[in-house]
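Residue numbers (our numbering): 1451 to 1874.
Single-structure report; data block below.
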């Protein structure tokens, strides 16, 4: 028991340390200017291999946070610890011009274990949304009051994000039915800066700063039910609901004029009742037969009630995910017979408008493998490697398209922490 508590204390220390690494969120997208930024979901390494689905997934080998009801499947004698990061190349394209950017990020950390029969628990740290961009444009032939032409530069810069440490429980009241709840503390700050600077120092520059500082909560509820179709096949159904509510965020718009670096005037406007978490509903099904699994998820988010900084409007969002898994489950044999293979795809609508127009649709395909980590202690831990190709396509002409090539790397440690020592 003393060893167990030492291990638990070590992991808690790791959780506290790695939360600081989320400051570098790996985002470099002009579309993170709108809404709450680029949304993250609660998917971990295995979910990402299958197009982000997971409402009806459960397995004792890994953690699935898309439906907290899946936590009832955690094995009695083990502690699961999951962490992941990603590397990506993004291509921006506008009117035939292309620019590439590279970045990476630490994505998540989570752990799960069973409290008693039919009752599992998890806690960890996830991102909710990320903001990161910096670009400018040069404009000329602007006629001032004296009849002269002046050039000016418009600069756009944004940083920040929203994060969610969480705790989750899954309970199986009867054999085939599992229910779960996930409670998150969401917090963070986002800053957007828009500047207009003239080459003629006699003309005052303008600066607009938007900032939001929020601290609130998020609650997810989940249900899973297993149906036995035959001796070799089965079907799992999943349902999730996330409570929508006002974030009560502190948001400000600060407008300034400057000349030669000196502030000439400044005005602050308080922004209220614009930032909300959406009511979210998700449905999923997973069919399994032998070594194969096939799944589908549908998600609906009611972002239409949101009004971000009093400028960009929210839009109700739907997302569809499809995925498949093949697991030979060979204890003996070569490494390829011991790996698990997964693939998937998804389509998502925009959740916010862009400059008064419809936002961007998102298409993604993914594929990956889970490689068992075999050592002298166990062969239950896994390394998850997947590749994603994501296309961000604007619904209106004249906007930037984005193409992401992303590598996700996750690792699940599955350790036997609760075995009782037997003295011979």
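Backbone N, C-alpha and C fix where the C-beta goes; we use that ideal spot for every residue, glycine too.
Alpha-carbon to alpha-carbon, residue 1499 and residue 1535 = Residue 1535 and residue 1499: Cα-Cα distance of roughly 14 Å.
When DSSP labels each residue in this structure, what does residue 1651 get in the three-state scheme?
-> The answer is coil: DSSP assigns residue 1651 none of H, G, I, E or B.
Which one of 1739, 1728, 1769 has the shortest CA to CA distance from residue 1757?
-> Each of 1739, 1728, 1769 was checked against the Cα of residue 1757, and the nearest Cα belongs to 1728.
Considering residue 1498, what are the terminal residues of the alpha helix (DSSP H) in which it resides?
-> First-last of the alpha helix (DSSP H) with residue 1498: 1495-1499.
Does the distance from the C-beta atom of residue 1830 to that of residue 1799 stay below 8 Å?
-> Not a contact, by the Cβ cut-off of 8 Å.
Limits of the alpha helix (DSSP H) - the one that residue 1788 falls within | Unbroken alpha helix (DSSP H) run through residue 1788: 1785-1788.
From this set, 1564, 1488, 1531, which residue's C-alpha is nearest residue 1523's C-alpha?
-> When each option's Cα is compared against that of residue 1523, the closest is 1564.
Can you have a look at residue 1720 and say buried or exposed, based on whether 16 or more other CB atoms are within 10 angstroms of its CB?
-> The residue is exposed, with fewer than 16 neighbouring Cβ atoms inside 10 Å.
Candidates 1860, 1850, 1865, 1857: which alpha carbon is nearest residue 1480's?
-> The shortest Cα separation from residue 1480 among 1860, 1850, 1865, 1857 belongs to 1850.
Let me know the alpha helix (DSSP H) ranges lying completely inside the stretch 1670-1742, each 4 residues or longer, listed in chain order.
-> For the alpha helix (DSSP H) assignment, the stretch 1670-1742 encloses no uninterrupted run of at least 4 residues.
Look at residue 1658 and residue 1644 and say whether their C-beta atoms are less than 8 Å apart.
-> Yes, these two residues count as a Cβ contact at 8 Å.
Could you check what DSSP says for residue 1798 in three-state terms: helix, strand or coil?
-> In the three-state scheme derived from DSSP, where H, G and I count as helix and E and B as strand, residue 1798 is classed as strand.
Sequence-distant residues of its chain with Cβ nearer than 6 Å to residue 1858 (five each side left out) = Sequence-distant Cβ neighbours of residue 1858 in its own chain, meaning closer than 6 Å and more than five residues away, are 1498, 1536, 1836.
Is residue 1795 near the ligand NAD, judged by its Cβ being under 7 Å from some heavy atom?
-> What this structure holds is no ligand at all, so the ligand NAD is not there to describe.
Alpha carbon to alpha carbon, how far is residue 1814 from residue 1841?
-> If you draw a straight line from the Cα of residue 1814 to the Cα of residue 1841, it is about 6 Å long.
Relative to the alpha-carbon of residue 1605, which residue among 1511, 1736, 1642, 1808 has its alpha-carbon at the smallest distance?
-> Per the Cα distances, 1642.
Looking at residue 1694 and residue 1618, is the spacing between their C-beta atoms short of 8 Å?
-> Their beta carbons are not under 8 Å apart, which means residue 1618 does not touch residue 1694 by this criterion.
Look at the Cβ atom of residue 1697, then the Cβ atom of residue 1506, and state whether they are nearer than 8 Å.
-> For residue 1697 and residue 1506, no; Cβs fall outside 8 Å.
How would you label residue 1473, buried or exposed, when you count the other beta carbons within 10 angstroms and need 16 or more for buried?
-> Caution is warranted here: a pLDDT of 47 is assigned to residue 1473, below 50, making its placement in the model unreliable, and the coordinate value is therefore given only provisionally. With a 10 Å radius around the Cβ and a threshold of 16 neighbouring Cβ atoms, residue 1473 comes out exposed.
Report, in whole angstroms, the separation of the C-beta atoms of residue 1549 and residue 1532, which I expect to be a contact under 8 Å.
-> Contact doesn't hold; Cβ gap of about 34 Å is too wide.
C-alpha gap between residue 1809 and residue 1488, whole angstroms = Taking the straight line joining both Cα atoms gives about 12 Å.
Cβ shell of residue 1588 (< 6 Å), same chain only, five flanking positions each side left out = Here residue 1588 has 1603 as same chain residues with Cβ atoms under 6 Å from its own Cβ, once five neighbours each way along the sequence are excluded.
Quick one: what's got a C-beta closer than 6 Å to residue 1639's C-beta in the same chain, skipping five residues either side?
-> Around residue 1639: 1610, 1663.
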